[in-house]
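Chemist: Sequential numbering from 2 applies to the sequence shown in my numbering.
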Amino acid sequence: MESRIQTLKIEIEKLQNSKVEDEVIPQTDTTTMQLYVYHGLGIELTEEDDCLKARIQSSSTNDIYTVKIDDKLSPHFVANHIWDLAQ
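#1: In angstroms with no decimal places, state the Cα-to-Cα distance between ILE44 and SER75.
#2: Say whether chain E places a C-beta atom closer than 7 angstroms to the C-beta of ALA87.
#3: Of all the alpha helix (DSSP H) runs that stay within the bounds of the region 18 to 74, which reach a length of 4 or more residues?
#4: So, at 7 angstroms on beta carbons, what are the nonlocal neighbours of SER61 in its own chain, with the 5 sequence-adjacent residues on each side left out?
#5: Give me the residue from ILE70, LYS10, GLU14 and THR32 with the minimum Cα distance to LYS54.
#6: Alpha carbons only, please: which of THR67, LYS73 and ASP72 is nearest the one belonging to ASP85?
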């Protein structure tokens, strides 16, 4: 009985010292995490015919928009435009 209690105390200590995030969320690189966040916001990035496109699902109207992301446009403009469409 005493050895069982000692084993359980050790197990409790291990659980308290471990990070739950490491066991629940797999360790990934920053690009994968960014894509995961975008997907959660309703934004899906695709590459078609050597062109980067964003497919955006509006949370308020459930409409889907496709936006071509071009190097000619400033990143600030593209981010604001995508954010406006996603709302």
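A virtual CB, placed ideally from N, CA and C, is assigned to each residue, including glycine.
Modeler: Answer, in terms of the structure:
#1: Position 43 of the sequence shown, counted from the first residue, corresponds to residue 44. Position 74 of the sequence shown, counted from the first residue, corresponds to residue 75. Approximately 19 angstroms, taken between the alpha carbons.
#2: Among the chains in the structure shown there is no chain E, since it carries only a single protein chain.
#3: 21 to 25 and 31 to 41
#4: Your numbering for residue 61 matches position 60 in the sequence shown. Correct list, in chain order: GLN88.
#5: As a first step, residue 54 is located in the sequence shown; it is residue number 53 there, counting from the start. Per the Cα distances, ILE70.
#6: Residue numbering aside, residue 85 sits at position 84 when the sequence shown is read from its first letter. Looking at the Cα atoms, THR67 is the closest of the given residues.
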